[in-house]
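Enquirer: Chains as they are written, first to last, in my numbering: chain A, 1 to 298; chain B, 1001 to 1298; chain C, 2001 to 2298; chain D, 3001 to 3298. Glycine included, C-beta positions come from ideal geometry on N, C-alpha and C. None of these values were measured; they are calculated from a predicted model.
4 protein chains.
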Amino acid sequence: MPTILGQNQYGKAENRVVKITRDGATHHIKDLNVSVSLSGDMDEVHYSGSNANVLPTDTTKNTVYAFAKEHGIESAEQFGIHLARHFVTSQEPIGTARIRIEEYAWERIEHSGKGAHSFVRKGQETRLTQITYDGESWEVVSGLKDLVVMNSTDSEFWGYVKDKYTTLPEAYDRVLATQVSARWRFNWSDDAQEMPDWEQSYEQVKKDMLQAFAETYSLSLQQTLYQMGARIIDSSGEIDEVRFSLPNKHHFLVDLEPFGLKNDNEVYFAADRPYGLIEATVLRDGCEAKIPVDVTNL
Amino acid sequence: MPTILGQNQYGKAENRVVKITRDGATHHIKDLNVSVSLSGDMDEVHYSGSNANVLPTDTTKNTVYAFAKEHGIESAEQFGIHLARHFVTSQEPIGTARIRIEEYAWERIEHSGKGAHSFVRKGQETRLTQITYDGESWEVVSGLKDLVVMNSTDSEFWGYVKDKYTTLPEAYDRVLATQVSARWRFNWSDDAQEMPDWEQSYEQVKKDMLQAFAETYSLSLQQTLYQMGARIIDSSGEIDEVRFSLPNKHHFLVDLEPFGLKNDNEVYFAADRPYGLIEATVLRDGCEAKIPVDVTNL
Amino acid sequence: MPTILGQNQYGKAENRVVKITRDGATHHIKDLNVSVSLSGDMDEVHYSGSNANVLPTDTTKNTVYAFAKEHGIESAEQFGIHLARHFVTSQEPIGTARIRIEEYAWERIEHSGKGAHSFVRKGQETRLTQITYDGESWEVVSGLKDLVVMNSTDSEFWGYVKDKYTTLPEAYDRVLATQVSARWRFNWSDDAQEMPDWEQSYEQVKKDMLQAFAETYSLSLQQTLYQMGARIIDSSGEIDEVRFSLPNKHHFLVDLEPFGLKNDNEVYFAADRPYGLIEATVLRDGCEAKIPVDVTNL
Amino acid sequence: MPTILGQNQYGKAENRVVKITRDGATHHIKDLNVSVSLSGDMDEVHYSGSNANVLPTDTTKNTVYAFAKEHGIESAEQFGIHLARHFVTSQEPIGTARIRIEEYAWERIEHSGKGAHSFVRKGQETRLTQITYDGESWEVVSGLKDLVVMNSTDSEFWGYVKDKYTTLPEAYDRVLATQVSARWRFNWSDDAQEMPDWEQSYEQVKKDMLQAFAETYSLSLQQTLYQMGARIIDSSGEIDEVRFSLPNKHHFLVDLEPFGLKNDNEVYFAADRPYGLIEATVLRDGCEAKIPVDVTNL
């Protein structure tokens, strides 16, 4: 046979689970989108169609919902760890489980009625995590996407290479805006280690990322990116690696001179495409990079 | 000729304008998506292709950017009023101008650096307005979309009609969630009237809408919708009409019995499609409805 | 009470139904997205939450699936007519039913195996229809969206109004491209009239629209729009009115002079936003316009 | 310093270029979305913000448009090769260039007018390619996305593992539908080798993929996937590896029994989420897998 099977994985993607926890009249919610991906001894289902080693994707979906009841959802990371452990330890043919979760944040609606069971979706960034377990060690990569930030000054861009296709004028005061997509890898990998506080860690990372963006006087988006990553690693001992994918959301100063007006860095056109795309990994010194470089695909 | 021209309009859609206002080291931003639509004496451009009455859509785009400088952007509504008045009064063939604006909200990034020019997009609802001017009177319809809300209890649904295709069991404690799309019409229509405070009005409407959603013990989404509209009109004398389009974002209780588990209103599947869709107008008594009933198209 | 209820409607939106018809080893498919909207005597459900007049949206969903079996799906229009008639005639409180349908086209995969049950989605335009029935007369408005067309020459734009904000140079050879959104209204309104052949009519309209676009030497997108509408009405006696919403998908000639190159109408930048937006109705002479002017909302 | 820079890359993403080639009155078009990504000696721009080694992303955009004129666009692959070679050979700090291209297909509008310069977008799949060059060897991975296919019979699913969370009944005649995302790697890697005919190769791969899907009697989507990959490698000697990401687009048989109807594999509900997701690589025997396993990110 001239062809062979390579890496393969399967599971149920995008299981939307909402968990309500009732503390009397005060309710708490967790709103997740959970994707299960399993791999292992699966050659035969590809070669002959035999499903003898295949736990149906429908079963993986059922397990997500059952586990929301059985284990609750303390955090997306903790929930993913329960799931990954279950699939690897309960099914002999499954060698590795990868659980990806998106989490949508809600906040309470302030009101004068009784009870506390009314919520409005925050709608800012989407929180992410990916749990991978091979029966021996854990890899937890968390992150976020769609966090849009802007500095309206304190950004320059000059001193770059000029070739025959270069027409860009140098800029000494520009808008810097991006839609942050970030992933960070925890150094927790072993059940014997103490687990990080996943919720607290997330809040700290988001805060550091925003503050580093705001406080960096930027000569390039790359420089800002690096500062964001370094701030996270400095501040969060549980994290060894951060990967960013930062589109440079261009805000072009509109030429108002034809109308007899001076545009003193006031009126901008926010462009869609094309956009600069800056991607890089920031590592704790001495650590190995493990997040795939095409990070947008977590 | 067997065919004739009916209603027509044209303009430049989705002009993305970001306006930075510098108050020393403290910056303020307005981030709008402005669409211009003009109509009037435009038969010939359709019949013969003569552009003699046509102000190019490119010019309407330029006007948006020039006006951001000339008039500033105090509010989306005020900005739309400047634009609509300009087109109708400066171009004889143009009888009516309609300006639609989406506004994206930003909040400041808290940090310890100097200056206040760093922002993160809030990302919750998108604010909307539509200004229509025919040279004599004004119609201002503002609104919002993509505001996702949920009550995790205090919602029932029973006592409905049952025909041969009805299988739905009655519910005495269900999740009620929707993604609010709303439009409200101001009774300001004449330059001689005092103009509403557009920014303050918006904040009040949003607050009333959320509180009415939270405080209504719901026997149907229609009832909740009506309470939301009534609260707005009661509270905001400048508004005569509200139109809602509310998808019933179903959260189905997952059947965990096959796994020996009891689902005590804890674990839900958040479904995408199909969804219930509830649409209605709420009016100040004695006022005429003017918002088109397919409100999602503002 | 200071507020009253205005127009209202409700139903289940986006019921995705796929119907397979087996003619031996040859299968046929219809792939629809059906939205039901009902209105009538529904004041109480808004005012008090009483569902005594409410047929649940879940029931309307069940009816869609049951009718796919009971009546088959000869065409989207015919299917919508069955549904609308059912709701209005079987439920006393329901005065009007509006059924909106999107249809996705498939074509057969050519292959050498036996049977004919393999399909690939065409993916070009989405076909649309809206059926409205009030118990007495019918309104059928069909249409399409997302049909992207381009003429790479035979388009000009000049002779337009120039004001102080006009900077656009006149163009004597430009690319004309648009993404057609069209709706057309049939004059069939009464069960006593012979029904049009909905499938054949659609094919004719699409063909006429494309050919009129291609064959019109264009001095403005408005002129092309009118020709497209007039061609349809001339050719299809069953149609009295056409409404178009045509974004002018700008293709800007890239300035290559800085690189010592001449761009002889060869290299274009396809822009996203902003875009011109041209909307108009074309009517059979003597007929009344009934399609809402904000046609994108059908 | 406790942090260091890891892998990084930058460039201008999503340059939309449309190239018209005029062969008298007959025009030809190529419609691409080109993303440039460069990497090399870029530490300083991250550490200090020095742009001394940075060719601006704006320049990479200009180069895309200039090259469309200078080299034409024979195929997306050939165009990407010109670009990648240019960046690596002309800029000393740049070690590797990766060019990703999406291509949108158009077909001619048949009409009776003169000339052949009118087109309608096909709208089926989006064609993809990725060219990577490090100054020595080439990697070309082409592909497609959003090709939606369905078999309305000849698919079964049974004999799978059953655990305590398994409720799925076995199926002996089901609909099998998926939205194909595929990437395939060419074994051309050296300028000394003869280059494949990129256009012809694409047509052959798409045809093989569709036919293998149609002709495989399927016991699992994995089996169908493997047959699709094997068919491509058998048929196209220039390709060594294929990676698929196949969502199982579930079509659930609707239970019509409550309405006294029998659903004889006729009426289906097409579900959105969750969906099964089957991903695998098929390799020419003896070849090494190089396409990243999270292929959806090409």
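W2158 (chain C) versus chain B: which residues are under 9 Å apart at the beta carbon?
Expert: Looking up residue 2158 (chain C) in the third sequence gives position 158. Chain B residues near W2158 (chain C): N1051.
Enquirer: Residues of chain A with a CB under 7 Å from the CB of Y2065 (chain C): which are they?
Expert: Indexing the third sequence from 1 puts residue 2065 (chain C) at position 65. Correct list: empty, because the minimum Cβ distance to chain A is about 21 Å.
Enquirer: Check this for me: beta carbons of K69 (chain A) and L1256 (chain B), under 8 Å apart or not?
Expert: As a position in the first sequence, residue 69 (chain A) is number 69, starting the count at 1. As a position in the second sequence, residue 1256 (chain B) is number 256, starting the count at 1. Their beta carbons are under 8 Å apart, which means K69 (chain A) touches L1256 (chain B) by this criterion.
Enquirer: Please decide whether V113 (chain A) counts as near chain D, where near means a Cβ-Cβ distance under 8 Å.
Expert: On the first sequence, position 113 is the one that residue 113 (chain A) refers to. In the sequence under discussion, the amino acid at residue 113 (chain A) is Gly, which differs from the Val named in the question. Contact with chain D is absent for G113 (chain A), since none of that chain's Cβ atoms lies less than 8 Å from the residue's Cβ.
Enquirer: Assuming L3246 (chain D) contacts L3219 (chain D) (C-beta within less than 8 Å), just tell me the rounded distance between them.
Expert: Taking the fourth sequence and counting its residues from 1, one reaches residue 3246 (chain D) at position 246. Taking the fourth sequence and counting its residues from 1, one reaches residue 3219 (chain D) at position 219. Actually they do not touch by this definition, with Cβ atoms about 15 Å apart.
Enquirer: Alpha carbon to alpha carbon, how far is T63 (chain A) from I1073 (chain B)?
Expert: Locating residue 63 (chain A) in the first sequence gives position 63, where the first residue counts as 1. Locating residue 1073 (chain B) in the second sequence gives position 73, where the first residue counts as 1. Spanning the alpha carbons of T63 (chain A) and I1073 (chain B) requires a straight line of approximately 52 Å.
Enquirer: Can you tell me which residues form a DSSP beta bridge with Q179 (chain A)?
Expert: Within the first sequence, residue 179 (chain A) is the residue found at index 179, counting from 1. Answer is A:V148, bridged to Q179 (chain A).
Enquirer: List the DSSP bridge partners of R243 (chain A).
Expert: The residue labelled residue 243 (chain A) in the question sits at position 243 within the first sequence. Beta-bridge pairing links R243 (chain A) to A:R183 and A:T281.
Enquirer: Starting from the Cα of F119 (chain A), find the closest Cα among A:G237, A:I291, A:K30 and A:A271 and give me that residue.
Expert: Translated into the one-based positions of the first sequence, residue 119 (chain A) becomes position 119. Comparing Cα-Cα distances from F119 (chain A) to each of A:G237, A:I291, A:K30 and A:A271, the minimum goes to A:K30.
Enquirer: Identify, in the order they occur along the chain, each residue of the same chain with its Cβ nearer than 7 Å to the Cβ of A1066 (chain B), setting aside the five sequence neighbours on each side.
Expert: The residue given as residue 1066 (chain B) occupies position 66 in the second sequence. Closer than 7 Å at the Cβ level, and outside the excluded window around A1066 (chain B), lies no residue.
Enquirer: State the CB to CB distance for the pair L147 (chain A) and Q179 (chain A), rounded to an integer number of angstroms; the pair is presumed to be in contact (CB under 8 Å).
Expert: Numbered from 1 along the first sequence, position 147 holds the residue referred to as residue 147 (chain A). Numbered from 1 along the first sequence, position 179 holds the residue referred to as residue 179 (chain A). That belief holds up - the Cβ atoms of L147 (chain A) and Q179 (chain A) are roughly 7 Å apart, short of 8 Å.
Enquirer: Please classify W158 (chain A): is it buried, with 16 or more other beta-carbons within 10 angstroms of its beta-carbon, or exposed?
Expert: Your numbering for residue 158 (chain A) matches position 158 in the first sequence. By the neighbour-count rule (16 or more Cβ atoms within 10 Å), W158 (chain A) is not buried but exposed.
Enquirer: Considering only DSSP beta bridges, list what H3046 (chain D) is partnered with.
Expert: For the purposes of this step, residue 3046 (chain D) is taken as residue 46 along the fourth sequence, with counting starting at 1. Paired residues: none, contrary to the question.
Enquirer: Give the straight-line distance between the Cα atoms of Y2160 (chain C) and E1077 (chain B), rounded to the nearest whole angstrom.
Expert: Numbered from its first residue, the third sequence carries residue 2160 (chain C) at position 160. Numbered from its first residue, the second sequence carries residue 1077 (chain B) at position 77. If you draw a straight line from the Cα of Y2160 (chain C) to the Cα of E1077 (chain B), it is about 29 Å long.
Enquirer: In whole angstroms, what is the alpha-carbon distance linking Q1130 (chain B) and P2292 (chain C)?
Expert: For this step, residue 1130 (chain B) is matched to residue 130 along the second sequence. For this step, residue 2292 (chain C) is matched to residue 292 along the third sequence. Roughly 17 Å between the two C-alpha positions.
Enquirer: If we call anything under 8 Å between Cβ atoms a contact, is Y3202 (chain D) one with S3142 (chain D)?
Expert: Walking along the fourth sequence from the start, residue 3202 (chain D) turns up at place 202. Walking along the fourth sequence from the start, residue 3142 (chain D) turns up at place 142. Yes, they are a contact pair.
Enquirer: Starting from the beta carbon of F1259 (chain B), find every residue of chain D whose beta carbon is closer than 9 Å, and list them in chain order.
Expert: Position 259 of the second sequence, counted from the first residue, corresponds to residue 1259 (chain B). For F1259 (chain B), the neighbours in chain D by C-beta distance under 9 Å run, in chain order, K3164, Y3165 and T3167.
Enquirer: Does the region 3039 to 3056 of chain D come close enough to the region 3084 to 3095 of chain D that 3 or more CB-CB pairs lie under 8 Å?
Expert: yes
Enquirer: Taking N3015 (chain D) as the query, report the chain A residues whose CB atoms sit under 9 Å from its CB, ordered along the chain.
Expert: Working through the fourth sequence from its first residue, we reach residue 3015 (chain D) at position 15. Near N3015 (chain D) (Cβ distances below 9 Å), the residues of chain A are R273 and P274.
Enquirer: What residues from chain B crowd round P2292 (chain C), counting only those whose CB sits closer than 7 Å?
Expert: As a position in the third sequence, residue 2292 (chain C) is number 292, starting the count at 1. P1292 and D1294, listed in chain order.
Enquirer: State the DSSP-derived secondary structure class of H251 (chain A), mapped to helix, strand or coil.
Expert: Start at 1 with the first residue of the first sequence, and residue 251 (chain A) comes out as number 251. H251 (chain A) falls in the strand class under three-state DSSP.
Enquirer: Looking only at its own chain, which residues have a Cβ that is under 6 Å from the Cβ of I109 (chain A), when we skip the five neighbours before and after it?
Expert: Counting from 1 along the first sequence, the entry for residue 109 (chain A) is found at position 109. Around I109 (chain A): S118 and V120.
Enquirer: Go ahead and label S2112 (chain C) buried or exposed: buried means 16 or more other beta carbons lie within 10 angstroms of its beta carbon, across all protein chains shown.
Expert: The residue you call residue 2112 (chain C) lines up with position 112 of the third sequence. With fewer than 16 other Cβ atoms within 10 Å, it is exposed.
Enquirer: How far does the beta strand (DSSP E) with T2021 (chain C) in it extend, from its first residue to its last?
Expert: Taking the first residue of the third sequence as 1, we reach residue 2021 (chain C) at position 21. Residues N2015 to D2023.
Enquirer: In the DSSP assignment, find the unbroken beta strand (DSSP E) run with V1293 (chain B) in it and report its ends.
Expert: As a position in the second sequence, residue 1293 (chain B) is number 293, starting the count at 1. That residue, V1293 (chain B), is in no beta strand (DSSP E); it is neither H nor E in DSSP.
Enquirer: Can you have a look at G80 (chain A) and say buried or exposed, based on whether 16 or more other CB atoms are within 10 angstroms of its CB?
Expert: On the first sequence, position 80 is the one that residue 80 (chain A) refers to. Counting Cβ neighbours within 10 Å, G80 (chain A) comes out buried, since at least 16 surround it.
Enquirer: When you compare only the Cα positions, how much space is there between N3033 (chain D) and R3016 (chain D)?
Expert: In the fourth sequence, the residue the question calls residue 3033 (chain D) occupies position 33. In the fourth sequence, the residue the question calls residue 3016 (chain D) occupies position 16. Those two C-alpha atoms are separated by around 4 Å.
Enquirer: Closest to K1249 (chain B) by C-alpha separation, out of A:F259, A:T281, A:V18 and A:T216, would be which residue?
Expert: As a working mapping, residue 1249 (chain B) is identified with position 249 in the second sequence. Cα-wise, what sits closest to K1249 (chain B) is A:V18.
Enquirer: For Q2179 (chain C), decide whether its Cβ has a neighbour in chain B, counting only Cβ atoms nearer than 8 Å.
Expert: Position 179 of the third sequence holds residue 2179 (chain C). Q2179 (chain C) does not count as touching chain B.
Enquirer: Can you have a look at E3103 (chain D) and say buried or exposed, based on whether 16 or more other CB atoms are within 10 angstroms of its CB?
Expert: On the fourth sequence, position 103 is the one that residue 3103 (chain D) refers to. E3103 (chain D) comes out buried.
Enquirer: Sort out for me which residues DSSP pairs D3031 (chain D) with in a bridge.
Expert: Locating residue 3031 (chain D) in the fourth sequence gives position 31, where the first residue counts as 1. DSSP, once it has assigned bridges, lists D:V3018 as partnering D3031 (chain D).
Enquirer: Flag E1279 (chain B) as yes if its beta-carbon sits less than 8 Å from any beta-carbon of chain C, otherwise no.
Expert: As a first step, residue 1279 (chain B) is located in the second sequence; it is residue number 279 there, counting from the start. At least one chain C Cβ lies under 8 Å of E1279 (chain B).
Enquirer: Let me know the secondary structure DSSP gives G1080 (chain B) once reduced to three states.
Expert: Locating residue 1080 (chain B) in the second sequence gives position 80, where the first residue counts as 1. Here G1080 (chain B) sits in helix by DSSP.
Enquirer: Just tell me which of C:E2139, C:N2187 and C:N2151 has its CA closest to the CA of T3021 (chain D).
Expert: Numbered from its first residue, the fourth sequence carries residue 3021 (chain D) at position 21. The residue with the shortest Cα to Cα distance from T3021 (chain D) is C:N2151.
Enquirer: Is there a Cβ from chain B that is less than 8 Å from the Cβ of H86 (chain A)?
Expert: The residue given as residue 86 (chain A) occupies position 86 in the first sequence. By this cut-off, H86 (chain A) is not an interface position.
Enquirer: Thinking just about the alpha-carbon of each residue, which of C:L2083, C:F2269, C:D2264 and C:D2234 is nearest to the one in H2251 (chain C)?
Expert: On the third sequence, position 251 is the one that residue 2251 (chain C) refers to. With distances taken between Cα atoms, H2251 (chain C) lies closest to C:F2269.
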